[in-house]
Every structure is written in structure tokens, then in C-alpha cells.
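Chains as they are written, first to last, in my numbering: chain A, 43 to 194; chain B, 43 to 194; chain C, 142 to 589; chain D, 142 to 589.
Heads up, the beta-carbon is just placed ideally off N, CA and C, and yes, glycines get one too.
As C-alpha cells, the structure follows; a few thoughts come after it.
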Amino acid sequence: MDTKHLKRLIKLMRENNLQELEIEEPELKVRLKLGLPAEVFSLPPGVIPPVSALPHEDAKALPHVEVPSEENLFIVRAPIVGTFYRSPTPDKPSFVEEGTEVKKGQTLCIIEAMKLMNEIEAPVAGEVVSVFLSNAEPVEFDEPLMTLKPKS
Amino acid sequence: MDTKHLKRLIKLMRENNLQELEIEEPELKVRLKLGLPAEVFSLPPGVIPPVSALPHEDAKALPHVEVPSEENLFIVRAPIVGTFYRSPTPDKPSFVEEGTEVKKGQTLCIIEAMKLMNEIEAPVAGEVVSVFLSNAEPVEFDEPLMTLKPKS
Amino acid sequence: MFRKVLIANRGEIALRIIRACKELNIRTVAVYSKADANSLHVRFADEAICIGPPESANSYLNVPSIISAAEITDAEAIHPGYGFLAENAHFAEICESCGIKFIGPSAEVIRQMGNKVQARVRARQAGVSTLQGSGCLESPDEGREIAHEIGYPVVIKAAGGGGGRGMRVVHTNASFLNAFMAAQSETISAFGQPDIYLEKYLEEPKHVEVQILGDEHGNLVHLGERDCSVQRRYQKLIEEAPCATVSDKLRNQLGEAALKVAKKVGYSSAGTVEFLLEKNHFYFMEMNTRIQVEHPVTEMITRIDLVKEQIKIAAGKPLTYKQKDINLQGHSIECRICAEDPNSFIPCPGQITGYNVPGGFGVRVDTAIYPNYIIPPHYDSMVAKLITWGVDRQEAIAKMQRSLDEFVIQGINTTIPFHQRVFLQAEFLQGNFTTRFLEGLQNSAKNE
Amino acid sequence: MFRKVLIANRGEIALRIIRACKELNIRTVAVYSKADANSLHVRFADEAICIGPPESANSYLNVPSIISAAEITDAEAIHPGYGFLAENAHFAEICESCGIKFIGPSAEVIRQMGNKVQARVRARQAGVSTLQGSGCLESPDEGREIAHEIGYPVVIKAAGGGGGRGMRVVHTNASFLNAFMAAQSETISAFGQPDIYLEKYLEEPKHVEVQILGDEHGNLVHLGERDCSVQRRYQKLIEEAPCATVSDKLRNQLGEAALKVAKKVGYSSAGTVEFLLEKNHFYFMEMNTRIQVEHPVTEMITRIDLVKEQIKIAAGKPLTYKQKDINLQGHSIECRICAEDPNSFIPCPGQITGYNVPGGFGVRVDTAIYPNYIIPPHYDSMVAKLITWGVDRQEAIAKMQRSLDEFVIQGINTTIPFHQRVFLQAEFLQGNFTTRFLEGLQNSAKNE
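Put into C-alpha cells, the structure is as follows:
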């Protein structure tokens, strides 16, 4: 199942105000549960009436997979717009894999912007739980890149 | 499973006010849970939030004196647009005054429309409590003319 | 000029007229039914009078109430808009007899053109072609005889009105009687009188109409044609000006023909002469003696405000331009957005929840809806007219496509998706579609 | 033509550019800050990339992020809109060096005209009058000497930019030093460099500007002038085209002068040459090397789409018309509606609750707000441009008055009531107001 299809499902959920969606097919089982609606701006959430502001036609704005912050996972987000790379050069191994133990400051990946390779460092020491993007995928500002389980 | 089919299911849920839906077939299992309803429509009037539909800038639409229906007062309303007259001709006394006891069918006033004098009759027997309009004032359709206290 | 005008209508056209009056510094009186207390024409008029219950028959069609409303507010003139009392000769007469100016042609002209059989006669007298056909039919047999003579297919029509009511296309002698009876009974229920006539039926015509303006001093101009061939059951859904397939030469011929008819009946005010056009031959169909729903496309390419012109003409002012001064510029298209299911066209009244109106250069929206407005079930389902202008047809189309995409009306079904589909059809984009275009589109959708 | 364009802006101008691209069949990329996820430019673009946090400095002014967004989306060109990076020569250069077409004039031209002292020199070289004044001032003493020479009042201005920042009017020798210091420190904080110069100050000029278009093949046309004299603290609030007091002869002279300046610097793209006009004498003030907020009024009277022209020019296309083909028709006015208190002009971000947009014939609304939209506090307070067109100034004014009355924006304060007041002022209605008009209006309000 590719992320495109997932995005389509998420879009459908948002558009139709679905909270949960579960599909089980012979080859595939999916369960999705939306978090609370993406909050808006700086007003205290309680004050904003649940108005039907124009919903996004699709997930093109903020298409982030919203990661549940359960188990105190730490989400590493893109500090800049660019192209995501898992390794310093195509022939080199990835900086990290799921399961890799990293030190604080260790390079997790690279985001290329304007021909500059920006190394993204681990903000905390811990274990890489998941990597959300494939090599050479474009990333937006603030897009989740991976999750770390901090070392306690 | 394509999204079209999912959309159809969601529509069905909405139309029938379903909160959850679970389908299990040999090849497919689906579970859907709706968020809180967004739309309003045909809800009973009391349920509709006092939305800020464009409020009238002034009282020019429906400028009626809204009369409290306490004491089971009977409101006589204008059945036609026109000019309100209290007496058959300027030199004659008014048909009724506040305090007048009237019989059912007795003329209360006249509304002139297109040169025709339309006599407005008492719909019930009772006492005239108040008259809202002065002589020769214009009246709209359904505008309150006077109140009667029905004879019990 | 009038000091105060009463608008005997509702919805977008009432608002349209109020706007014209305001810009002419004329005070306005709105009339409204109990169902329309929250409507924009009530809000934006200087005065508003409730004239009856929700049902049109007792409010917007209630002549004594409307006249009375004009009297108690001292309105000097009444603009009837389109629909309701706009082509009611009796109403125009009553206005006259009450000393209220009816903004439109004379009662006599309305009556003549309201009878479609008589209108055909007048057109022929003016030297304008009509389709082969009949006068009022006395019997099915008479009709069958004439049909045989001119050859099938023929179309049976109501003498008393338009809009597709009472119409039946007949392809064979065998089906004539049934069609005759059906048409006649529909005619009686729609127009209150049984007169029907028949005409040769053209298989693939364009519906093309010419906008004219005449003042009370005998001056007449035409403002070019509109192509209104995108129809569903004789109801126009998309209109444009000019017609993509009409040459300058043909445009002049159409205009001349329209002016001949108008001159023949001594027409004043804005009016529309409708033609069927097939292979550069055109035939007078009928004349509409009122402002039309689709008038904006003509306004966009002439920059002449037709509603203001109507008002000025009714006030006795002469036209300030001649035919040679009329300059058609660019191309304009209108989509009628209805509160209807975009596939079944079943009306869908209700409350508007989400709302976004398209805007920007070359985009005009004529509507009386707004966020949270509740569309009442009592009236016509048209909720907005989306009009675009471009330097050419291609730009007008591109503007319409992006405007349809921007137009968000949530809470009810609308025909926006229908229009989006039409604006992807090669036949439509080429411009050579006929009145059968939508039929073909629906059949091909069914066969998919 | 480009296949994909990135729009490095937000709000109504981003939407304006997206519309133009869509109508030209060009795919669009929106960029947006975290505060703008729910904005219309994000919704209506084909793709949208989040480029940073709410603060402009790290999002809409963040050059690496924007270039990177263009690279990951394969955009071939960037349209900067107005404000933000629109007149940043460095940004234009980076675009060039990255192989992305900057939709606007060359970096070199932006740099030349961005320095107001240099621009004055170029204008004089082109044979266009400027006001008496100085080059970059080395010291207060030098300034005082020149001020004495040309005579008070004078105005001290920042060489690095416009918009009233760093400006001080000086009436006497005694107050010169203070004004100099204040202007210089404001200049440093606004533009990051201290260069200031001075000019003769005109007491009652009109601010009149000429729209020009130049292609990359040396063709140049002007599209007439705009009167932008209704200003508050050098910020334009109402603009119109043409200027009510400019004769055809003067219009030609203004146009010729603007073209001379443009030709001198080899200008391509849309640009505006600003003049001060007093008693039929006009003086070059500065040139804006971008599309302007008030460009729609010129579009309404020329029916030329300036944003599309910019895009076509950037794609290397030649202009398809000559000066003699430019035909000014009617009159157009624009009101900038801001989310501000209509008396104090204090910004008022917040959520829009009730909403109604004016519409109908001759009314154009350029906005990116919609019902329930929350106006973020991080950006410019302008929320909508209301533009009307009429056959003459009187009709354009009447349309504006009724459109302002129809424009409902509830939940926040807007300057709509301010505009309604202006459109009742005899001085405004007569058309002979100057840049001091609003000042006078506010003083008279205070004295009441």
C-alpha cells in the first residue's frame, strides 16, 4: 500500500468528518483514526466555534501523517524545505535505520536545499522508531521525518 | 476497495444518521465511524444555533410590533397590504376603541387596497385590548392590527 | 427620472434591479413573502413591504397586494423583473390605470407577443421568416392535416406561453393524436387556456436570440445575439454572447430581422427576439417582452446596463446612442447555478453552510444567497448566475472553468459539477453545439 | 509558455496570480507559512508547499526556502506579487542563477530603480523633470545647505525604499537637524542602510502614476494614469483610473515621460512610474518595478490583464499591441478594505463571522477571505480590494457606494465605514483632491 492511497483515504476522512476508518481485505488491513481537528492559529481552541471553514479539497496542505505522540515518541521535523536523503551519497549506506541507536547530535539524514546539504541531527539520544520518507522525496517545512524513542 | 464505494457508504450513513457502520464480507471488512455532524438542515428550529445569518440592518423588514401572546390574547393581523382606517369615513367615529366589546364578525377596521375598502371583521367575540396603528397608516401583510381578549 | 421604484420580484433579479436603481439615485421598495424576510432584496432596498404568504400565487403573483404596496409607499413605477408578473398584460394595464409606470413595453405589445400564434403572424408581416406551421388548431384532424402537409417531424406548442410547457415533438402520423391531447391538457393546466399550434420541428438548430432596446420615441437598436442552445427540457442552462458560429454578416441579418419585428409592434423597453438557426437560415420563434435571465452576457460585451436602460426608457428618456455606436467587445458566458442535484436535477432547498464566491478580473456573480442563507422550497431553484468575460471565447471559457472550481456552496446540492462537466466537452468547447447537445451528453453518460 | 509557476506570496495577490496562471493553462505552486494552511491560495493552487513558520522573515521572505520549494516542485518561474520579495534584486539574481525565471524586470533594473536617488538621476537623464533636491546626503549640514538653496518646505526621504518610511517633511531651518536624525534612524531600521536624500516638498500635489508594459524585445506601451492621492501616512487607500483632472494632452505627456524613463533603463515586465502633479506640472518621483496593489483599475479601463501580460512577457512573448491600440474606456475606482478600526486604523485580526460580498455589473472583488476565515495577525491588514467600473466617474462612484453598502464583514473591524465616509465628501466627489485630502478630512472630523 503506497502513501498516495493512504493520503486519499485520509482526505476522504477529513472531507467527510470521519473519526475512524477500518478496511480489511485479503491482502491488506488498514485502520485509521483521526486526531482532533488540526487547530487553527493562535486563538485558544475552546473559543473557536467548530465552524465549517472551507475544508481543504485534498490533503495537499499539511499532508503530514499525523503521528500519535504515544509512548513519548519524539518527532523529528523538517526545519527547511528541500529534498530528503537518507545517506550522504547514493552509494553510501543510510545514516540510520529503524532500530538504530543514535546519540544526540548524530546525523539522521540530509535535506538538500539550493544545492546545500543540510545535515539533520538527532535532537535527543534514542532509538529510531520509524522513518516516514523514502530517499529523494521532497519535504515541506515542519514535515515529520522520523520518530525517536528517547533514551530514558 | 475504491474511495467511490467508501463515499457511497458515508453518504448512506449521513442520510440515515448512522454513527458507526461495520461490514464484513468474505473479501472485505469495513468499519466506519462518523465524527460529529457538521451540517444543519432540517433540524427542529430549536436546535439550529443562532447563526449570524446576515442580520437586518434595521427594522425595515418585518417591522411588526411583536405582541406577547400572554393572557391568551388574540392578535388580529392584516390579511392584505394597504392603508389602515379606523372609521368608515373621516367624519364618522371609529369602528372600535380600546375596551369595546365586539361580536364575532363585527367590523373592526378597514384596509384600503387598490381603492377597495376591505372590512376586517372580528374573528372571535371579545374585548378590544389594544389597537396598534393610527388612522391612515400603511400596513403590510400579516402585520398585527389589534388584540382581542376573547370572551370565555 | 423616477424618485421611487417598486420591484415586484425576489432573488437575484430583484437585487439586480435594486442595484440599478441605487446607482441611478432612485429609492427602492422591495416586496416579499413571509418566506423571504431574510433575503437580500429586502435588506438592500430602502423600504420593504411584506405582501403575502410563501406561496407565489398569494404573494409575488398577487396583483392587488403589489399595487397596494406601491400605493402605500408612493412608488411611481414598478419593475417586474422576469417570471412572475413580467409578461402579464393585465398587470401592466392595472399599473397604467393606477397611475403607476410599468417598466416594460405597453400592455398591448405584451399581449400581442404573449400569444405565440399572433407573434408569428406579426413577424411574417414584418418580413421575417418563420417556420412552416399552423394557426391555432381547431382539432387534432386539422393538425394532422397540416403536419402531413409540411412533413414530420413537427412540434406542437402552447399559444399562451413558453418554457417548454405544453410542447410535444411528433415524429409520425400515428403518434399525433396522443401528442395533441397531451400537449393540450398540459397547456390548459399551465396557461389556463387550450390554444395550441404546430410548427416544423428542426432536428439540430441553435437557439439564438437578439437583444433589442427601444425607447418611447421610436429609436431602436439591437445589441447582438446570444447563443442559448445549452438547454435541458427547453430550459436554458448556459448562455453566451456572441454566438461562436455567427458571422458578422449573419449577425447583421439577425439584428435587422429582430428590429423589423420590434418596429412592427412599436416596441419600447428591453426585449428579446428568439430565433432558431440552422445552417445560416434563421426563423423567428417568439419574442420575450421583458429583461431576461441571461441579459448579463450582453451587458458584458456591450458595457451597456440593460436594466438601467429599461428604467430610463420607462421614464421617457431617449436612447443616447445609435446602432453604429454599439460595439461588441470580447466574449461572455453565463452559467445558471441551481440548487439541484447535478445529475438528476432534482431541486435541493436547504441551508448554505460553507460558501466561497469566485472573484477577480472578468468574473461577475449575480446572486442573492449568502453564508447561512436558507433557500426556501417555494420558488425557482436558480441560486446564482456566474458570468465571465474574456477577450475571446477561449479566455471566457478558461475564466469560467477556474471560477466554477472556486465557487463553493456547501450544505445543498448545486449544478456546479454539471457545469464543470459541460466545460470539458469537446463539442461545447468547439462552439458548434445545438439544442440537442445536452441530450446527447446525457445519453452518452448513460451508455458509459 | 511556462508549464509551472511558483507564487512567492500570499493573500489576494497570490490568488490573483494563480487565477491568471490557471487561465493560461499553467500549473501553480503555492507556498505558505504555518499560519496560512487554511488560506485560499493554498486551496486553489495545484500544489502547495509549507515554507516556514508564521513570521514573514522565515517564510515569505525566506529566499532559500522559496527557491528550494521551486526546485522540489520543478517550477520554471516564480511570480513574486507585490511586497515581500517583489523588489528584491538579490532574490531576482538568485532565481536567475538557479535557472528559474523571475517574473519581473531584470535584477539590474530592480536595483537601479530601488535606489531612489539613482532613479532620479536616470529620470533626468531620460529628460524627465524631477523636483529640485539632492543626492545622498553626507551630513545634516550638507542637507541644510541644499534645503536653504531650494527653499523650504523640503522632504527628507530614504534612498532605499518607499512607503513613507524614513520620510520627514521639514518646514524650517531650525527643525532640520531633528528631522534629519529621525529620518535617518528610521531609514536604517527599515532598510538596513542609512542613505537619505531630500527634495522640494509640494504642498498640494496629486499622486499620479503611469502603468507601463514592456516586453523583452524592446516594445513599450503605457496604459494611462492612476490617481492615488487618497493616502494616509503615504499609504494609498483609494485609487482610480483615469485621474479626474488630467486632460488628454496631459495624459499623453505623462505617458511619454513614463516611457522615456522605462526606455532609459531597458525596462521589461509591468511597471509603474510615479509622479507628483501640481497645476499641470509633473515631476518624476520613483518607479515601482512590480505589479501594484491598484493594478485592477487599469485593467478595468483597458481590459488588458496585467498579470497575464507579466507572465507572457517573462516567457519571452512580444506585446501583441502598440500604443495606438490602447483604448481607455470608462472609469474605475478601487477601495482597499483593511482589517482595521475605521477611525483609528488600528489593525484588527480575527475571525470573520458574517459575510456578504457585493456583486453584479461592474463590480470586481479581489480577496482571499471567506466566511469563517481567521485573519492571522502576522501580515498586512488588507483583506479585500473592491473595484468598480462605470461608463464615467459618476457611475463608478455610484457603484462603489452601493457596493460598500452591500459589503458585510462581521467579526472584525474593517475600513468599510471609512470608505463610506470618503464617498460622501464633496471634495472627493469633485475629483480635485490632493494627497493632503485625508489629513484635511481628519482635522475637520476632530474639530467637529
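Is the beta carbon of residue i sitting closer than 8 Å to the one on residue j?
i	j	result
A248(D)	A227(D)	no
K298(C)	I329(C)	no
Y511(D)	L181(D)	yes
Q561(C)	L545(C)	yes
G168(A)	K134(A)	no
F183(B)	S409(C)	no
G245(D)	R431(D)	yes
R252(D)	G501(C)	no
F564(C)	I557(C)	no
Please report whether the beta-carbon of residue i lies at a distance below 8 Å from any beta-carbon of chain B.
i	result
P86(A)	With a pLDDT of 28 at P86(A), under the threshold of 50, the modelled position of this residue cannot be trusted; read the value that follows with caution. No, its Cβ sits nowhere closer than 8 Å to a Cβ of chain B.
I65(A)	yes
L150(A)	no
L54(A)	yes
Could you tell me the boundaries of the beta strand (DSSP E) in which residue i lies?
i	result
V351(D)	347–355
K191(B)	186–192
I152(B)	149–155
T413(D)	410–419
D533(C)	Run containing D533(C): none; DSSP gives neither H nor E here.
Just curious, the alpha helix (DSSP H) that residue i is in, first and last residue?
i	result
R157(C)	152–164
I557(D)	557–563
C236(C)	230–238
N319(C)	317–332
Q259(D)	257–266
Can you check whether the C-beta of residue i is within less than 8 Å of a C-beta belonging to chain C?
i	result
E182(B)	yes
M159(B)	no
Y223(D)	no
M156(B)	yes
So residue i packs on residue j, CB below 8 Å; how close in whole Å?
i	j	result
E366(C)	E350(C)	6 Å
A171(D)	I148(D)	6 Å
R306(D)	E327(D)	6 Å
P346(D)	L417(D)	4 Å
F243(D)	I219(D)	6 Å
A382(D)	T461(D)	So it is not a contact: roughly 21 Å between Cβ atoms.
I553(D)	G491(D)	4 Å
S473(D)	I442(D)	5 Å
Using the three-state DSSP reduction, which class does residue i fall into: helix, strand or coil?
i	result
L400(D)	helix
V613(C)	Because chain C spans 142 through 589 in this model, residue 613(C) falls outside it and cannot be assessed.
P79(A)	Low confidence applies here, because P79(A) scores a pLDDT of 38, under 50, leaving its location unreliable; read the following figure in that light. If DSSP states are grouped into helix, strand and coil, P79(A) belongs with coil.
Q542(D)	helix
G304(C)	coil
L158(A)	strand
M142(C)	coil
V181(A)	strand
S180(D)	coil
G274(D)	strand
L582(C)	helix
V107(B)	At V107(B) the pLDDT is 47, less than 50, meaning the model places this residue with poor confidence; the figure from the coordinates comes in the next sentence. Three-state result, V107(B): coil.
S206(C)	helix
A385(C)	coil
How about residue i: is its C-beta nearer than 8 Å to some C-beta of chain D?
i	result
F425(C)	no
A101(A)	Per-residue confidence for A101(A) stands at a pLDDT of 37, beneath the threshold of 50, marking its modelled position as unreliable; no derived number is given.
A497(C)	With the sequence shown as reference, residue 497(C) is identified as Asn, and Ala is not the correct amino acid for it. N497(C) counts as touching chain D.
Does the beta carbon of residue i come closer than 8 Å to any beta carbon on chain A?
i	result
L104(B)	Low confidence applies to L104(B): its pLDDT is 37, below 50, so where it sits in the model is not reliable enough to give any reading.
E69(B)	yes
Got a sec: is the Cβ-Cβ distance from residue i to anything in chain E below 8 Å?
i	result
V123(A)	Within the model displayed, chain E is absent; protein chains A, B, C and D are what it includes.
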